[in-house]
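The sequence shown: position 55 = 151 (my numbering), numbered continuously. For every residue, glycine included, the Cβ atom is placed at its ideal position computed from N, Cα and C.
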Amino acid sequence: GNGVPIGACLAAGAASELFGPGNHGSTFGGNPLMCRVAHTVLEVIERDNLLERAAELGLRIQEGLRARLHGVAGVLEVRGLGLMIGVQLDRPCGKLVEMALKQGLLINVTADSVIRLLPALVMTDAQTESLIEQLAGLVIEFLAQPSVSGNPA
């Protein structure tokens, strides 16, 4: 919806038989203006090859983080699909959210020890490199600190 509220439910085969007329509703479904916006968004995604751009940009970020964090004790994995990227650490890392915010970087931590990134599709190459360097530096700084258990990191 590119920032406008829209809802849809798509089903095929046996799953589609579970929904009869009137059994399923959506607060934001069926609005003609929102449907037109969604249609235009899909046209732009196709026209500008945005799926390929997301795959390429996500791969570049993952490879950059892997290179910068290779061999860093405490980094278990860098993974992702497109621009949904996760960095798995060996310890809880909620404190990283605050550390990153102080440097102007917005991240999220999920499952207690996974840094979740959902970077913007419109990032420039320079912004991409900056993200990689900034986040890698923060992770290295964080992992160098004593862990919560009191044991050295």
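With DSSP collapsed to three states, give me the class of residue i.
i      : result
Leu202 : coil
Gln184 : strand
Ala108 : coil
Gly176 : strand
Val171 : strand
Ser226 : helix
Gln241 : coil
His125 : The sequence as given places Gly at residue 125; His does not occur at that position. Three-state DSSP puts Gly125 in coil, outside helix and strand.
For residue i, report the span of its alpha helix (DSSP H) as first-last.
i      : result
Glu113 : That residue, Glu113, is in no alpha helix (DSSP H); it is neither H nor E in DSSP.
Ile211 : First-last for Ile211: 210-213, but that is the beta strand (DSSP E), not the alpha helix (DSSP H).
Val218 : Run containing Val218: none; DSSP gives neither H nor E here.
Ile102 : Segment: none, Ile102 is in no alpha helix (DSSP H) and carries neither H nor E.
Ala207 : Counting along the chain, Ala207 falls outside any alpha helix (DSSP H), and DSSP gives it neither H nor E.
Relative to the alpha-carbon of residue i, which residue among the options has its alpha-carbon at the smallest distance?
i      : options                        : result
Leu177 : Arg187, Pro188, Arg164, Gln158 : Gln158
Ala53  : Gly125, Ser209, Gly116         : Here the chain comprises residues numbered 97 to 249, so residue 53 is not present and cannot be evaluated.
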